[in-house]
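Inspection log for the structure reproduced underneath, given as structure tokens.
Protein chains: 2
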Amino acid sequence: MKVVIIDDDKLVSMSLKTILESATGITVEAVGNDGTEALGLYEKHRPDVLLMDIRMEHMTGVEAARKVIAEYPDAKILFLTTFSDDEYIIEALEIGVRGYILKQDFEGLIPALEAVQQGQTVFGGKIVGKLPGLLQESLSFDYEAKGITQKEYDIIQLVAQGLSNKEIAAKTFLSEGTIRNYLSTVLEKLDLRDRTQLAVFYYQNGGR
Amino acid sequence: MKVVIIDDDKLVSMSLKTILESATGITVEAVGNDGTEALGLYEKHRPDVLLMDIRMEHMTGVEAARKVIAEYPDAKILFLTTFSDDEYIIEALEIGVRGYILKQDFEGLIPALEAVQQGQTVFGGKIVGKLPGLLQESLSFDYEAKGITQKEYDIIQLVAQGLSNKEIAAKTFLSEGTIRNYLSTVLEKLDLRDRTQLAVFYYQNGGR
DNA sequence: TAAAAGATATGACAAATGTCACTTACATTC
DNA sequence: GAATGTAAGTGACATTTGTCATATCTTTTA
């Protein structure tokens, strides 16, 4: 199996190289230390698996992977992650990356590579458990950025549960007229027409 | 690595046994041919990985896995699937199963087992690509079962896009009054009060 | 063929909704 | 202390919405 490694931490990439070459049947064809090298090295060596850090300086692993897959849709890319890389995971999944494995997990590395070579997708450790939550977050809308206050947001949530103004008033101990006023400004801020559009907006932007 | 195999097709389980035992470091501790045997064999042998068919006669692999994991939350279960087992996949994911691999994929089997033993999760072939779609379907509501007709459902979808009755009428070439009537019966059938609750219902039951 | 069922439509009505102009009360700031 | 800002409220108004009774026309069924 031919592997190309890309990681901007030379200590990591060298350790990986050592580990991999001690295994039979694996050749490390090249080691790059920047996402910008990914496409070039992939083209030159056509490795079975491209093992790449997801968080790097000049170009993130995700961007690099996107370029490689654009040219070679069947490229098998395995990301190295730490626990703090949540933000990239969904994006990477959409691109069609073949897996994520924790940097710390030396024992798991070789079986993971082999599984990926066989066309499978591998998720290290507890990453799978995080997926449902991440999928939602990735869609979530930044109401604060549109100038929606906390109280307004509370009302949005109640509308998005299908409550009438009267019911919302009862729940919040405000008058029905006040609810109407709040709702009116919310609709304007979000450029919507009525409460139904608000509920639709809510659910199409990550609400549940 | 100790493995227990469960598959109600003896031809399959025996082939698997042969393949696995030809590999160094793998012992097949037991072979069961029914989901009901899963928990017993797991308790007796405590394998590193439980390799189980997902579709079986008396008890599905999913049910069997649920029982095993209830007793042994860290149990590593790898499912054998065919392309037609979509319906079980989401359910199995929720239980905390460690992967799915296609029965046909003999080469991938051993690396997959090793990756699972190392604590990773493995998805064979194109299963990952199906996940987003399946996640949605798993939530989807059976409008037909509530007596919703096709035309009514069309209107539900338009309401769930935030359109007014007038707009829906224009789109469907029906009169606004007719739309109101349709909507009225839809609300009754689903036991809802107004269009906003309908939109909420739609999105909370698998719509997008 | 007659009756039943289905699709579409109308008009009337009450309730809910969204907008607007304006007020009151309280706290913060200058 | 006056000015400003914010939170909450009121009343009026036009629209939209949901319900209901009823009508017309077509298709299916008995």
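Protein chains in written order, with my numbering: chain A, 1 to 208; chain B, 1001 to 1208. Ideal placement from N, C-alpha and C gives every residue a C-beta, glycine not left out. Keep in mind the model is a prediction, meaning the values are calculated, not measured.
Reference residue i; option with closest CA among the options
i       : options                               : result
A/F201  : B/F1079, B/T1024 and B/A1160          : B/A1160
A/G147  : A/L190, A/A115 and A/N165             : A/L190
B/D1194 : B/N1205, B/R1180, B/G1124 and B/Q1204 : B/R1180
B/V1122 : B/D1086, B/F1079, B/M1001 and B/I1054 : B/F1079
B/V1028 : B/D1048, B/L1011, B/H1045 and B/V1003 : B/V1003
A/I156  : A/S184, A/S175 and A/G177             : A/S184
A/F106  : A/S13, A/Y42, A/D8 and A/G206         : A/S13
B/L1113 : B/M1052, B/L1011, B/Y1143 and B/D1007 : B/M1052
B/D1008 : B/A1065, B/E1057, B/G1025 and B/I1026 : B/E1057
A/R208  : A/K76, A/I89 and A/G162               : A/G162
B/Y1042 : B/V1062, B/E1071 and B/I1054          : B/E1071
A/S18   : A/T196, A/L109 and A/L192             : Checking the displayed sequence, the identity of residue 18 of chain A turns out to be Thr instead of Ser. If we check each option's Cα against that of A/T18, A/L109 comes out closest.
B/I1054 : B/G1206, B/G1124 and B/Y1088          : B/Y1088
Residue i - containing beta strand (DSSP E), residue span
i       : result
A/F79   : I77 to T81
A/M52   : V49 to D53
B/K1002 : K1002 to I1006
Where residue i sits in the DSSP three-state scheme
i       : result
A/F123  : strand
B/A1030 : strand
A/V97   : coil
A/L192  : coil
A/Y113  : Here residue 113 of chain A turns out to be Leu, not Tyr, going by the sequence shown. DSSP places A/L113 in helix when its eight states are reduced to three.
B/L1102 : strand
A/T56   : Looking at the sequence shown, residue 56 of chain A is not Thr but Met. Note: A/M56 maps to coil in three-state DSSP.
B/L1198 : helix
A/L150  : The identity of residue 150 of chain A in the sequence shown is Gln, whereas the question assumes Leu. Three-state DSSP puts A/Q150 in a helix.
A/L183  : helix
B/N1165 : helix
A/R66   : helix
A/A92   : helix
A/Y203  : helix
B/A1160 : coil
B/G1177 : helix
B/G1228 : Chain B is shown from 1001 up to 1208; residue 1228 of chain B falls before or after that span and cannot be answered.
A/S24   : For the sequence presented, residue 24 of chain A should be read as Thr rather than Ser. Looking at A/T24 - three-state DSSP - the assignment turns out to be coil, as it is neither helix nor strand.
B/D1086 : helix
Alpha-carbon spacing of residue i relative to residue j, whole angstroms
i       : j       : result
B/L1093 : A/Q150  : 35 Å
A/T81   : A/L198  : 38 Å
A/Q204  : A/V186  : 17 Å
B/D1048 : B/D1085 : 25 Å
A/L50   : B/Q1118 : 21 Å
A/Y153  : A/Q120  : 43 Å
B/A1038 : B/E1063 : 10 Å
B/S1175 : B/Y1182 : 11 Å
B/V1128 : A/I26   : 26 Å
A/P111  : B/V1097 : 18 Å
B/T1060 : B/E1091 : 12 Å
A/N33   : A/I6    : 5 Å
A/I95   : A/I101  : 17 Å
B/I1077 : B/G1099 : 7 Å
A/V116  : B/A1030 : 28 Å
B/L1065 : A/I69   : In the sequence as displayed, the identity of residue 1065 of chain B is Ala instead of Leu. Those two C-alpha atoms are separated by around 36 Å.
A/T172  : B/S1164 : 28 Å
A/M1    : A/A75   : 14 Å
Where residue i falls, given that 16 or more other Cβ within 10 Å makes a residue buried
i       : result
B/K1166 : exposed
B/S1022 : exposed
A/A170  : exposed
A/R46   : exposed
A/L16   : buried
A/L158  : buried
A/K103  : buried
A/G177  : exposed
B/G1035 : buried
B/L1020 : buried
B/P1073 : exposed
B/K1010 : exposed
B/G1040 : exposed
A/D44   : The sequence given here has Lys at residue 44 of chain A, not Asp. Exposed: under 16 other Cβ atoms inside 10 Å.
B/K1126 : exposed
A/T196  : buried
Range of the contiguous alpha helix (DSSP H) that encloses residue i
i     : result
A/E21 : K10 to E21
A/L39 : A38 to H45
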